[in-house]
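To start, the structure under review is shown below, and the notes come after it.
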Amino acid sequence: MPRPASRRRAARTLLAAAVLAALGWPTTAGAAEVSPAGPPVAARHVPLPEATTITGWRPAESGVAGEHLRDVVLVSPARGRELEVQQQVGGTWVTRQVLRLADGEVDVTDVPLTRHWTHDRATRWRLAVGGSGSAAPAVSGVKVVTASWEAADDPRDPAVLVNKRHPVQPRSWEPDRLVRPALATAGSRVRLRPVAADALAGLATAARKATGKELVLVSGYRSAGYQERLHDRYVRGHGAEAAERFSARAGHSEHQTGLAADVTQAGVDLTRFGGTPSSDWVAAHAWRHGFVVRYTAGDADVTGYAAEPWHLRYVGPDLAAYVHHTGLTLEEALGAEAAPDYLG
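Numbering (mature numbering (1 follows the signal peptide of the UniProt record, and there is no 0)), first residue to last: -31 to -1, 1 to 313.
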């Protein structure tokens, strides 16, 4: 018969085991079970899940938009499981892509990042694989990706930079095709390139649903010759110094690309667009449709122009997201020098 001290030790051991079991914590694998009525008996063995390893996922990377960033990652065991490529958005991990692993014990997988890495200066990524059968779930370390953009020289490219220091090349360039967008226009001859026209029509539809107000396209494509006549008229009326704060010289206007649009709210003069419901909505949401508000308040020393809340520039959805999320001007986003004035 166990002595009183032995009974107390056995009771304490049983109590501790019961508490651990109630909390869902495993007891030590391989330890003997305590029998209150006799000697220890052999423990029941519960197999632990096989550990999953993810190797080859680099912790930091830098890339220029247009590059394809990818890592060669080894996952073991693979067993046909799904590997999720996740991005941290706010405080939440969002799955951007799902890759199916091979059926064997090991899979060497080419893991590309989705285009979302180009939407901000720095984005955070990880890999996650769920548990399956006897294999435990696993999460990789976090990769920080630093993105940058470069300006294009080709006026056909939505990432082309046109300002007082970067003229359209060649100066007489004209788009191959121009169309009238599917929204109200100030005149029947207002045109844009198809990619910008389609995006602007989508933006106008979304703006109307959100605000109940119609957007009107006031000005789109302008030839170099038309821009020269327009600029000369402003110089005669306002003087050269004042005119060049709001009007570009021929060959230096974004309107020549067919990707720039001056818009206003129906019934509102163009220069009074700022502060309207449509203007506020456009400033917050134009990026979702591939546009940026090109000339923002307080940035004339970089862009060369006073604020124009009506002047939208189509740059494509990825670069527009980058400009929006970083709060940069287009010059800054593209790593270009400031263009407050002309060179010569």
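Note that beta-carbon positions come from the ideal geometry of N, C-alpha and C, so glycine has one too.
Model, not experiment: these values are computed from the prediction.
- Between residue 268 and residue 295, the C-beta spacing is not below 8 Å.
- Within the segment 218 to 252, the runs of beta strand (DSSP E) that reach at least 3 residues and sit entirely inside it are, in chain order, 229 to 234.
- For residue 280, the enclosing beta strand (DSSP E) covers residues 277 to 283.
- Annotated as distal: residue 150 and residue 100, with beta-carbon spacing of 8 Å or more.
- Excluding its 5 nearest sequence neighbours in each direction, residue 121 has C-beta neighbours in its own chain below 6 Å: 128 and 129, listed in chain order.
- The C-beta separation of residue 231 from residue 187 comes to about 5 Å, placing the pair in contact by the 8 Å criterion.
- Beta-bridge annotation (DSSP): residue 264 is paired with 277.
- The segment 240 to 259 makes contact with the segment 285 to 294, as at least three CB pairs between them are under 8 Å.
- In this structure, residue 71 sits near residue 47, with a CB-CB distance shorter than 8 Å.
- Here the alpha carbon of residue 112 sits roughly 19 Å from the alpha carbon of residue 35.
- With respect to residue 43, residue 77 sits close: the two C-beta atoms are nearer than 8 Å.
- If you compare the alpha carbons of 226, 41, 51 and 312 with that of residue 144, the shortest gap goes to 226.
- Secondary structure at residue 32: strand, using DSSP grouped into helix, strand and coil.
- Ranked by how close their Cα comes to the Cα of residue 275, the residues 53, 104 and 214 have 214 in first place.
- Contact annotation: residue 250 and residue 180 have beta-carbon atoms nearer than 8 Å.
- Going by DSSP, residue 116 is part of the beta strand (DSSP E) stretching over 112 to 117.
- The beta carbons of residue 308 and residue 300 sit closer together than 8 Å.
- Collapsing the DSSP output to three states places residue 126 in coil.
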